[in-house]
Amino acid sequence: MSSRPTLTPDSLATTAADIADELGFERLSVSEVARRAGVKPASVYFHLDGADDLRGRVSALALAELGDRLALALAGRAGRDALGALVDTVRGYALEHPGRWEATQVRITAPEAGPPGVRVGALMLGVVRAYGLPEEEQTHAVRLVGSTVNGFVRLHVNGGFDHSQPDPEDSWLRMTQALDSALTHWPVTVAPDQESPR
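Terminal number for the sequence shown in the UniProt record's numbering: 198, no gaps in between.
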């Protein structure tokens, strides 16, 4: 007779993350996690506080994994070299784990996601800071890098480049070069007539 699986919040989060990669983060459910774990949903609820808790733990897991990869990729790098490592690592993780990556892109209020999210943000900030931007401009630069990379990756993951030429890899290289140029020649002030209406 086989023994019952040992359930923990971490093991359930890992199972959920695998499901998210396979089916999509938006299709993640407690019932599917229970089915994969070979238990009844009530057993999952014994360890987790419902679907929101489950999604938050997947987000925390994904951010922690991404942070580990970024820390390894960025070690000893600066400037354009670090920027290339940053964007390539994010894209690589998203293509390998699309559901996990999607979990890093949604607004999650779970406390578990806080520390790994802060770590990823700090690693990105470190790349930008090495370009010598004034402190008050660094958050703007991080937003530019993040939104550009994540927008490209989302199109790539969803097949947005599947039926067009040139090869998206060529566009990716140009995107990286454009970001490097933007950070290198960052405008430290914005003229009043260029400010966005509030």
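The beta carbon of each residue, even a glycine, is placed where N, CA and C say it ideally should be.
Whole-number beta carbon distance between V142 and V87, since they are thought to touch under 8 Å
Working through the sequence shown from its first residue, we reach residue 87 at position 87. Working through the sequence shown from its first residue, we reach residue 142 at position 142. V87 to V142, Cβ: 13 Å. No contact.
Quick one: what's got a C-beta closer than 8 Å to A13's C-beta in the same chain, skipping five residues either side?
Indexing the sequence shown from 1 puts residue 13 at position 13. Closer than 8 Å at the Cβ level, and outside the excluded window around A13, lie L54, R57, V58, A60, L61.
Helix, strand or coil for L48? Go by DSSP, reduced to three states.
The count along the sequence shown starts at 1 and reaches residue 48 at position 48. L48 falls in the coil class under three-state DSSP.
Three-way DSSP call (helix, strand, coil) for N150 in this model
Against the sequence shown, residue 150 aligns to sequence position 150. In the structure shown, N150 sits in a helix (DSSP, three-state: H, G or I).
Less than 7 Å between C-beta atoms, sequence neighbours within five positions excluded: which residues of the same chain meet that for L70?
Residue 70 sits at position 70 when you count from the first residue of the sequence shown. If we look at L70 and ignore the five residues flanking it on each side, its Cβ neighbours are L86, T89, V120, L123.
DSSP three-state call for S29: helix, strand or coil?
Along the sequence shown, one-based indexing puts residue 29 at 29. Coil.
Note down, one range per segment and in chain order, each alpha helix (DSSP H) of at least 4 residues found wholly within the stretch 110–191.
114–129, 135–157, 168–184
Using three-state DSSP, classify G24 as helix, strand or coil.
One-based indexing of the sequence shown puts residue 24 at position 24. Coil at G24, not helix or strand.
Three-state secondary structure assigned by DSSP to T14
One-based indexing of the sequence shown puts residue 14 at position 14. T14: helix per DSSP, three-state reduction.
Residues in the same chain with beta-carbon distance under 6 Å from H185, minus the five sequence neighbours each way, listed in chain order, please.
Within the sequence shown, residue 185 is the residue found at index 185, counting from 1. Taken in chain order, the list of residues that qualify is empty.
At the level of alpha carbons, what is the spacing between L23 and G99?
Mapped onto the sequence shown, residue 23 falls at position 23. Mapped onto the sequence shown, residue 99 falls at position 99. One C-alpha to the other measures close to 8 Å.
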